[in-house]
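Just below is one structure, and these are the notes that go with it.
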Amino acid sequence: MTGPPDLISAAGCVLWRRAPIPGGLEVCVVHRPKYDDWSHPKGKLKRGESALAAAVREVGEETGHHCVPGPPLPTAHYRVGGRHKVVHYWAAEATHGHFTPNREVDRVRWLPPAEARARLTQVRDRELLDDLLTALHRVDES
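For the sequence shown, our numbering gives the first residue as 232, with consecutive numbering after it.
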């Protein structure tokens, strides 16, 4: 993916797993100490890397979990430091892994959707959580 020189291309996932209660699920939110915020795992694309490959890589780097990507979610567009940022997202089910705090992410939380929604800092991340729930509902119906 390439674009204008002032474009920041990134990708991420709204990571989820099945909860121990029947029909329940939990969503992973990450705390980034640099920004002191709670968000979904995401990061910049490396040169020549596809957005989906970057999203899966970022989940692993930030949460320590492997995942199976699912349906694409809406792309986020916003400005950061005067530059346009585009973040491609996917729903992704966590399979296995273990979180180890690192420089980018010092905490992760697996929360029921309502609690995750309340914890997320940015409105756009809350909207992505809603999009995940809609996408998973569609999959359950098919």
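Glycine included, C-beta positions come from ideal geometry on N, C-alpha and C.
As the structure is a computational prediction, the values presented were derived from the model and not from experiment.
Item: Contact between the region 243-254 and the region 311-330 is defined here as three or more beta-carbon pairs at a separation below 8 Å; is this criterion met?; Value: yes
Item: Is the separation between the beta-carbon of Gly-243 and that of His-262 shorter than 8 Å?; Value: no
Item: From the DSSP secondary-structure annotation, give me the bridge partner or partners of Pro-251.; Value: Answer is none; Pro-251 lacks a bridge partner.
Item: Whose CA, out of Glu-346, Gly-295, Val-287 and His-368, lies closest to the CA of Val-258?; Value: Glu-346
Item: Tell me which residue opens and which closes the alpha helix (DSSP H) that Pro-302 is part of.; Value: From DSSP, Pro-302 is part of no alpha helix (DSSP H) but of the beta strand (DSSP E) over 296-311.
Item: Taking a contact to mean a Cβ-Cβ separation below 8 Å, would you say Ala-366 touches Pro-305 in this structure?; Value: no
Item: Buried or exposed: His-368, going by 16 or more other Cβ atoms within 10 Å of its Cβ?; Value: exposed
Item: Give me the Cα-Cα distance between Arg-288 and Arg-314, rounded to the nearest whole angstrom.; Value: 24 Å
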